[in-house]
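Q: Sharing a structure with you now.
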Amino acid sequence: MSESSASHTCKSCHHVFTGNYCNLCGEKVLTKQDRSFKTVLNNAFRTVTSVDSQFVKTLWLVLTQPGFLARDFANGKRVKHLNPMSLFFVLNLIYFFFPLIQLFNASLNTQLLSPLSPFYQTIIAKKIVSMNLTLDTFTLFYNLKSTSLAKLMVMAFVIVSSLPLNFLYWKKNKFFTDHVGLAVELACFNLFVNAILLTVIVRVFGLGHYLNETSLTIIFIATNLYFILRSGYTFYQERGWRLALKSLVMVAFLKIALEIYRSILFFVTLIML
Ligand SMILES: [Zn+2]
9 MSESSASHTC KSCHHVFTGN YCNLCGEKVL TKQDRSFKTV LNNAFRTVTS
59 VDSQFVKTLW LVLTQPGFLA RDFANGKRVK HLNPMSLFFV LNLIYFFFPL
109 IQLFNASLNT QLLSPLSPFY QTIIAKKIVS MNLTLDTFTL FYNLKSTSLA
159 KLMVMAFVIV SSLPLNFLYW KKNKFFTDHV GLAVELACFN LFVNAILLTV
209 IVRVFGLGHY LNETSLTIIF IATNLYFILR SGYTFYQERG WRLALKSLVM
259 VAFLKIALEI YRSILFFVTL IML
């Protein structure tokens with residue numbers, strides 16, 4: 009009788025099964041070979057390289073075939089690629105190491121470019137007096153607090169950005185979580201293209217002085233339109249003028265949602281300071 013057809017009792021959940029893996033929890037039956045030092049090293053190496061290559065492959069898919077990852081995930085094809093949520097957390101971590109591009113992070117200077125600036129300035133002035141700080145110290149405290157809050161609040165932005173998809177594509181019989189899945193993929197796209205990649209390009213080519221709210225807005229709208237159009241085609245099988253119209257509505261919503269997100273971030277930061 010071969011090793012795989014013998015019955016085993018799982019070491020982790022005590023389920024009785026045949027084969028090399030527990031069919032309840034996935035625990036592997038250890039063989040003598042599994043305990044050798046060479047195998048342990050080999051496994052460690054393979055885990056690191058496969059996570060790396062899966063990360064790169066999944067990210068490449070998000071960039072070149074928007075909506076594909078979310079579609080596979082919604083259809084239950086989940087082993088081939090990195091889970092969109094894991095990809096999101098990794099990219100979010102990378103972005104917030106150097107949150108120089110003002111996307112989900114917004115410094116006090118960026119906040120003061122908002123149309124609500126005169127109103128903000130009044131509130132800030134009061135806050136500075138009540139905290140008994142100079143403007144420079146206040147700015148420093150504010151930016152640190154705001155960045156750490158933004159890391160958490162991005163998740164709320166992702167959920168909110170999925171809401172219009174429920175209405176625009178309600179005839180497509182998708183679940184609420186399917187729309188959220190696409191919104192997570194979109195957030196991955198934005199974190200990589202409009203935050204990480206843009207930071208690298210600006211640094212390498214020294215284009216810092218071309219970056220302002222206007223150029224960032226144009227880049228944001230153009231890249232998001234690309235993603236929304238392509239993913240509408242792939243994820244929702246939408247075509248023609250409906251696809252074009254719904255995509256424009258979605259991009260306009262995203263731009264407005266980003267502004268609202270920033271003003272909420274502003275008030276939450278002031279409250280928590
Ligand atoms: Zn088990």
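Each residue of the sequence shown is one higher than the one before, starting from 9 at the first, in our numbering.
Quick reminder that beta carbons are idealized off the backbone N, C-alpha and C, glycines included.
Got a sec? Which residues, its chain only, sit under 8 Å from L281 by beta carbon, not counting five neighbours each side?
A: As a first step, residue 281 is located in the sequence shown; it is residue number 273 there, counting from the start. For L281, where only same-chain residues beyond five positions count, the Cβ hits under 8 Å are K135, M139, F149, Y150 and K153.
Q: Assign T55 to one of two classes, buried (16 or more other C-beta atoms within 10 Å of its C-beta) or exposed (fewer than that).
A: Working through the sequence shown from its first residue, we reach residue 55 at position 47. Exposed is the call here.
Q: Starting from F261, follow the alpha helix (DSSP H) in both directions and report where the run begins and ends.
A: Translated into the one-based positions of the sequence shown, residue 261 becomes position 253. Taken as a continuous stretch (DSSP letters only), the alpha helix (DSSP H) holding F261 covers G248 to M280.
Q: Going by beta carbon distance, what residues of the same chain come within less than 8 Å of T26, once the five residues before and after it are set aside?
A: Position 18 of the sequence shown holds residue 26. S12, S13, A14, S15 and H16.
Q: Output yes or no for whether 8 Å exceeds the beta carbon distance between Q62 and L32.
A: If you number the sequence shown from 1, residue 62 lands on position 54. If you number the sequence shown from 1, residue 32 lands on position 24. Going by C-beta atoms, Q62 is not nearer than 8 Å to L32.
Q: Is L206 a contact residue of ligand 1, with contact defined as CB to any heavy atom under 7 Å?
A: Working through the sequence shown from its first residue, we reach residue 206 at position 198. No, ligand 1 has no heavy atom inside 7 Å of this Cβ.
Q: Whose C-beta lies closer than 7 Å to the C-beta of T118 among residues of the same chain, with five residues either side of it excluded?
A: Start at 1 with the first residue of the sequence shown, and residue 118 comes out as number 110. Counting only Cβ-Cβ distances below 7 Å, and skipping sequence neighbours, we find Q110.
Q: Taking 7 Å as the line, does the beta carbon of S20 fall inside it for any heavy atom of ligand 1?
A: Here residue 20 is taken as the residue at index 12 of the sequence shown, counted from 1. Under cutoff, so the answer is yes.
Q: Bridge partners for K159 per DSSP, in chain order?
A: Position 151 of the sequence shown, counted from the first residue, corresponds to residue 159. The partner list for K159 (beta bridge, DSSP) is empty, contrary to what the question assumes.
Q: Decide if the stretch 71-81 is in contact with the stretch 229-247; the criterion is three or more beta carbon pairs, one per stretch, under 8 Å apart.
A: Touching, yes, given that three or more Cβ pairs across the two stretches are closer than 8 Å.
Q: Using a threshold of 8 Å, state whether the C-beta atoms of A203 and S170 are closer than that.
A: Counting from 1 along the sequence shown, the entry for residue 203 is found at position 195. Counting from 1 along the sequence shown, the entry for residue 170 is found at position 162. Cβ distance not < 8 Å, so A203 and S170 don't count as in contact.
Q: Is the stretch 209-219 in contact with the stretch 37-49, if contact means three or more CB pairs nearer than 8 Å?
A: No, because fewer than three Cβ pairs between the stretch 209-219 and the stretch 37-49 fall closer than 8 Å, the two stretches do not touch.
Q: Please confirm whether K254 and I229 have their CB atoms less than 8 Å apart.
A: Working through the sequence shown from its first residue, we reach residue 254 at position 246. Working through the sequence shown from its first residue, we reach residue 229 at position 221. No, these two residues do not count as a Cβ contact at 8 Å.
Q: At what residues does the beta strand (DSSP E) containing H16 begin and finish?
A: By one-based count along the sequence shown, residue 16 stands at place 8. Per DSSP, H16 belongs to the beta strand (DSSP E) from S15 to T17.
Q: Buried or exposed for H217, please, with buried defined as at least 16 other CB atoms from any protein chain shown within 10 angstroms of its CB.
A: Stepping through the sequence shown from its first residue, residue 217 is reached at position 209. Counting Cβ neighbours within 10 Å, H217 comes out exposed, since fewer than 16 surround it.
Q: Which whole-angstrom value is the C-beta distance of C196 and P92, which I expect to be below 8 Å?
A: What you label residue 196 is simply residue 188 of the sequence shown in a count that begins at 1. What you label residue 92 is simply residue 84 of the sequence shown in a count that begins at 1. With a Cβ gap of about 7 Å, C196 and P92 count as contacting.
Q: I need the straight-line Cα distance from F261 to V59, nearest angstrom please.
A: The residue given as residue 261 occupies position 253 in the sequence shown. The residue given as residue 59 occupies position 51 in the sequence shown. Taking the straight line from one Cα to the other gives about 34 Å.
Q: Of all the alpha helix (DSSP H) runs that stay within the bounds of the stretch 56-115, which reach a length of 4 or more residues?
A: Listed in chain order, they are 76-82 and 92-103.
Q: With respect to 7 Å, is the separation between the Cβ of E35 and the closest non-hydrogen atom of ligand 1 below this value?
A: Counting from one through the sequence shown, the residue named residue 35 turns up at place 27. Yes.
Q: To which residues of the same chain is L273 closer than 7 Å at the C-beta, ignoring the five residues directly before and after it?
A: The residue given as residue 273 occupies position 265 in the sequence shown. So the qualifying residues of the chain are A114, S154, L157, A158 and M161.
Q: Can you tell me whether D144 is buried or exposed, with buried defined as 16 or more other CB within 10 angstroms of its CB?
A: The residue given as residue 144 occupies position 136 in the sequence shown. Exposed, by the Cβ-count rule.
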